[in-house]
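Worksheet: one structure, shown below.
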Amino acid sequence: MARAEAARARADTREWAVARRARTRHLIELGGLVQKAGVDELLNDDRTVIYGALLALADQLRGEGADQLVELWRRRGRRAFEREGSRLNEGRPDIEFRSE
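So our numbering is basically just the index in the sequence shown, starting at one, shifted up by 24.
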């Protein structure tokens, strides 16, 4: 019985660690996008301004015309990734595109 409980505890710990690593990777990727866009340099790495801008962005996404904005931003982002990919990776994209 103790072995089964110990095995279950190890599995739970592994699942937790995998989930934590996935979340950490996701957050790092999001931060990388802020840096890649040059926002941190333009705002002298002022986290309060960056956060305020992201809150304003979230407000826009809750408002009318959000679908059109998302599509516009998606096209713009895809073009930027493609330009960078062709320059830096000889046409091999370094980002996976997700359409949601």
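Ideal placement from N, C-alpha and C gives every residue a C-beta, glycine not left out. These numbers come from a predicted model, not from an experiment.
A Cβ-Cβ distance of about 16 Å is found for the pair ILE52 and VAL63, leaving them out of contact under the 8 Å criterion. About 7 Å separates the beta carbons of ALA90 and GLN84, which is inside the 8 Å limit, making them a contact pair.
Relative to ALA104, the option among ALA80, ALA26, LEU57, LEU93 whose CA is nearest is LEU57. When rounded, the separation of the alpha-carbon atoms in GLY87 and ALA43 is 32 Å.
Judged by DSSP in its simplified three-state form, GLU29 adopts helix.
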